[in-house]
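S.K.: Protein chains in written order, with the numbering used here: chain A, 101 to 463; chain B, 61 to 191.
1) Among the residues of its own chain, which have a CB less than 7 Å from the CB of residue 307 of chain A, if the five just before and after it don't count?
2) Going along chain D in order, which residues have a C-beta closer than 9 Å to the C-beta of residue 419 of chain A?
3) What residue from A/327, A/129, A/194 and A/337 has the CA that sits closest to residue 219 of chain A's CA?
4) Is the beta carbon of residue 83 of chain B closer than 8 Å to that of residue 152 of chain B?
5) Assuming residue 391 of chain A and residue 462 of chain A make a contact with CB atoms under 8 Å, what is their CB distance in whole Å?
6) Expressed to the nearest angstrom, what Euclidean distance is found between the alpha-carbon atoms of residue 69 of chain B and residue 122 of chain B?
7) Using the beta-carbon count (16 or more within 10 Å), is residue 427 of chain A buried or exposed?
8) My output table needs one value for residue 153 of chain B: the three-state DSSP class, helix, strand or coil.
9) Taking Cβ-Cβ distances shorter than 9 Å, what residues in chain B pair up with residue 286 of chain A?
10) Give me whichever residues DSSP pairs with residue 353 of chain A in a beta bridge.
11) Drop a sphere of 10 angstroms on the beta-carbon of residue 217 of chain A, count the other beta-carbons inside from all chains shown, and report buried for 16 or more, exposed for fewer.
12) Is the stretch 170-182 of chain A touching the stretch 238-248 of chain A, taking contact as three or more C-beta pairs under 8 Å?
13) So which residues of chain B does residue 243 of chain A contact, with C-beta pairs closer than 7 Å?
14) Taking the beta strand (DSSP E) that residue 92 of chain B belongs to, which residues open and close that run?
15) According to DSSP, simplified to helix, strand and coil, what is residue 408 of chain A?
16) My output table needs one value for residue 78 of chain B: the three-state DSSP class, helix, strand or coil.
17) Compute the Euclidean distance between the alpha carbons of residue 222 of chain A and residue 153 of chain A, then round it to the nearest angstrom.
18) From residue 367 of chain A to residue 382 of chain A, what distance separates their C-alpha atoms?
19) Shortest alpha-carbon distance to residue 287 of chain A belongs to which of A/278, A/300, A/301 and A/261?
20) Cα separation between residue 178 of chain A and residue 227 of chain A?
21) Would residue 148 of chain B pass as an interface residue toward chain A - the criterion being a Cβ-Cβ separation below 8 Å?
22) What residues match up with residue 347 of chain A in a beta bridge as DSSP calls it?
23) What are the start and end residues of the alpha helix (DSSP H) that includes residue 138 of chain A?
24) Helix, strand or coil, according to DSSP, for residue 67 of chain B in the structure here?
25) Hey, is residue 409 of chain A's beta-carbon within less than 8 Å of any beta-carbon in chain B?
26) Would residue 303 of chain A be called buried (16 or more neighbouring beta carbons within 10 Å of its own) or exposed?
27) Let me make sure I understand the geometry here. Which of A/378, A/317, A/414 and A/371 has the alpha-carbon closest to that of residue 352 of chain A?
28) To be precise: take each residue of the stretch 157-185 of chain B, compare its Cβ to all Cβ atoms of chain A, and keep it if any distance is under 9 Å. Which residues remain?
29) Establish whether the CB of residue 294 of chain A and some CB of chain B are separated by less than 8 Å.
30) Let's test the definition: count the other Cβ atoms within 10 Å of the Cβ of residue 89 of chain B and tell me whether it reaches 16, buried, or not, exposed.
31) Give the residues of chain A in contact with residue 154 of chain B, contact being defined as C-beta atoms less than 7 Å apart.
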């Protein structure tokens, strides 16, 4: 076992002999740090935030072990604390345990077995507590998203439905056929918006809950499949669309996630174009090189205001109301990239265009 | 016949602006109807409008990108008194979120919370408050 995989243990004792013999006994099993006063101990803790177990002698000249533990609890709440006491000072042991900051106490002279089993159990406790904290964070995040989702669902799902109900109500009192036809178009738009939202929602859950399936990716095929849809948009909206795919080595990744990423970036690039501008374009380049795929989607559309650029990946965030959007797309892109271990960069100038660069390592 | 009123509709949904405009015009009480898909544009309009003796009814959606309905009302309430007088704001939303509805009550300048879509019945109630 290399030193860096070992449990990190800090031992504090004012008697140099004890420190030396402790280190000699346990340095093969643990990564042992020693300190002969509490100030030194604090500085070691600051430099090694991953120390998981602290053992301290009770009787020291500047302060007792209990006092020391109490002091450091605020700054270093995570390491598990073990008190070593030389005499049967039952009072100090009781006080330490009652104050709740000592996991075990060990009587001096200690036996190696006692120390070893205490450290191992303390470390187990440390790991469990740390895992629990991580799980709690994840749960909290999931709750927050659920809250946001419930809030947005009433707006983004009910919104189009209520609009259509409103139009139906209006159309009942409308005789003019032309006007009724234009109302039908509006209803169609509202329903497309709702459908788009639901599809995004589906993407969201397939990234969230779905397992990543790693397979060989042939980018020319994948790009063709995705781009076929946008060829139509390109012709209809008069936006020049070029795509260049270079792949000379094999690449392994998750097909579904890659499609979600490409689809969202392209759909945004086509959606947020400048109205009335002449030479409008969307450029897609995919290059697989040295075990990584670099995907670039570039447009000369409306761009992103500088003060919004940090928020565009947030769930339900929308930087503009130029076009219909759900505030889901880029969030899903980022989520999918998280699963693939990739990253995304954005360069944009308001009024001039946007370039998204995605880098994904081959799995 | 009751007095005519000015109307301003603020909603990021083009469709909902259209519905509101139709409903308003059908009442025959509108001197003018102006719709804005962006709240900031509506604020600029209100700020630069020459003074008028005709009261103005504002329907504003809550959830909108860039500037939402609450931010709009806060910005409105920060305008000088001589501009603000004559306006009645109604918040309109598809939200069934209790917090949103409770929040509406906290704004002095907001007369009432209305559910979407704006219907003939709902606007009749509003107009009765201004006859």
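Ideal Cβ positions, reconstructed from N, Cα and C, are used throughout, including at glycine.
M.R.: Working from what's here:
1) Taking the first residue of the first chain as 1, we reach residue 307 of chain A at position 207. Same-chain partners within the cutoff: 357, 360, 432, 435, 436 and 439.
2) In the displayed structure, chain D is absent; the protein chains listed are A and B.
3) Indexing the first chain from 1 puts residue 219 of chain A at position 119. Considering only alpha carbons, the answer is A/129.
4) Taking the first residue of the second chain as 1, we reach residue 152 of chain B at position 92. Taking the first residue of the second chain as 1, we reach residue 83 of chain B at position 23. Not a contact, by the Cβ cut-off of 8 Å.
5) Numbered from 1 along the first chain, position 291 holds the residue referred to as residue 391 of chain A. Numbered from 1 along the first chain, position 362 holds the residue referred to as residue 462 of chain A. Indeed they touch by this definition, with Cβ atoms about 5 Å apart.
6) Locating residue 69 of chain B in the second chain gives position 9, where the first residue counts as 1. Locating residue 122 of chain B in the second chain gives position 62, where the first residue counts as 1. C-alpha separation (whole angstroms): 12 Å.
7) As a first step, residue 427 of chain A is located in the first chain; it is residue number 327 there, counting from the start. Buried: at least 16 other Cβ atoms inside 10 Å.
8) The count along the second chain starts at 1 and reaches residue 153 of chain B at position 93. If DSSP states are grouped into helix, strand and coil, residue 153 of chain B belongs with the strands.
9) What you label residue 286 of chain A is simply residue 186 of the first chain in a count that begins at 1. 74, 75, 78 and 79, listed in chain order.
10) Within the first chain, the letter at position 253 stands for residue 353 of chain A. Paired residue(s): A/315.
11) By 1-based counting over the first chain, the position of residue 217 of chain A is 117. When all chains shown are included, residue 217 of chain A counts as exposed.
12) no
13) Translated into positions along the first chain, residue 243 of chain A becomes position 143. None at all; the shortest Cβ gap to chain B is about 16 Å.
14) As a first step, residue 92 of chain B must be located in the second chain, where it is residue number 32. Counting along the chain, the beta strand (DSSP E) containing residue 92 of chain B begins and ends at 90-96.
15) Numbered from 1 along the first chain, position 308 holds the residue referred to as residue 408 of chain A. Reduced to three states, the DSSP call for residue 408 of chain A is helix.
16) Along the second chain, read from residue 1 onward, the residue named residue 78 of chain B stands at position 18. Residue 78 of chain B: helix per DSSP, three-state reduction.
17) What you label residue 222 of chain A is simply residue 122 of the first chain in a count that begins at 1. What you label residue 153 of chain A is simply residue 53 of the first chain in a count that begins at 1. Answer to the nearest angstrom: the Cα atoms are 7 Å apart.
18) For the purposes of this step, residue 367 of chain A is taken as the residue at position 267 of the first chain. For the purposes of this step, residue 382 of chain A is taken as the residue at position 282 of the first chain. If I take the Cα positions, the gap works out to 10 Å.
19) Residue numbering aside, residue 287 of chain A sits at position 187 when the first chain is read from its first letter. Here the closest residue by C-alpha is A/261.
20) Along the first chain, read from residue 1 onward, the residue named residue 178 of chain A stands at position 78. Along the first chain, read from residue 1 onward, the residue named residue 227 of chain A stands at position 127. The straight-line gap from Cα to Cα measures roughly 10 Å.
21) Start at 1 with the first residue of the second chain, and residue 148 of chain B comes out as number 88. For residue 148 of chain B, the answer is no, since every Cβ of chain A falls outside 8 Å of its Cβ.
22) In the first chain, counting from the first residue as 1, residue 347 of chain A sits at position 247. DSSP, once it has assigned bridges, lists A/388 as partnering residue 347 of chain A.
23) The residue labelled residue 138 of chain A in the question sits at position 38 within the first chain. Here the alpha helix (DSSP H) through residue 138 of chain A covers 138-147.
24) By 1-based counting over the second chain, the position of residue 67 of chain B is 7. Strand at residue 67 of chain B.
25) Within the first chain, numbered from 1, the residue matching residue 409 of chain A stands at position 309. No, because no Cβ of chain B sits closer than 8 Å to the Cβ of residue 409 of chain A.
26) Stepping through the first chain from its first residue, residue 303 of chain A is reached at position 203. Per the 10 Å Cβ criterion, buried.
27) Stepping through the first chain from its first residue, residue 352 of chain A is reached at position 252. Taking only the C-alpha atoms, the option nearest residue 352 of chain A is A/317.
28) 157, 159, 160, 175, 176, 177, 178, 179 and 180
29) For this step, residue 294 of chain A is matched to residue 194 along the first chain. No - not a single Cβ of chain B is within 8 Å of the one on residue 294 of chain A.
30) Indexing the second chain from 1 puts residue 89 of chain B at position 29. When all chains shown are included, residue 89 of chain B counts as buried.
31) Along the second chain, read from residue 1 onward, the residue named residue 154 of chain B stands at position 94. Residues of chain A passing the Cβ test: 254, 255, 258, 259 and 262.
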